[in-house]
């Protein structure tokens, strides 16, 4: 189901959300949040939660300290990749 996008940033897909001008939730059940970067950021499948923000994402903190994702509190990380425990987050 393709959402019907409107100039005011709304969409008619009842289970999707379109909060910013370059966000394109093209699939059912998708939330897409994009910053002010002048480039499209679109979903690639159903039931996705996608975030593009050049300033980082903070959960439990208002200062991501230059990280793509900063969490203040407990969190679980599975799989590969790197992890850094910052003393101020």
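In the numbering used here, the protein residues as written are 208 to 296. All residues carry an ideal CB built from backbone N, CA and C; glycine is no exception.
field: Runs of beta strand (DSSP E) wholly within the stretch 226 to 274 (minimum 3 residues, chain order)
entry: 238 to 241, 256 to 259 and 264 to 266
Residue 277: first and last residue of the uninterrupted beta strand (DSSP E) it sits in: 276 to 278
Of the listed residues 288, 294 and 286, nearest to residue 280 (C-alpha basis): 294
field: At least three beta-carbon pairs within less than 8 angstroms, the stretch 251 to 259 to the stretch 267 to 274
entry: no
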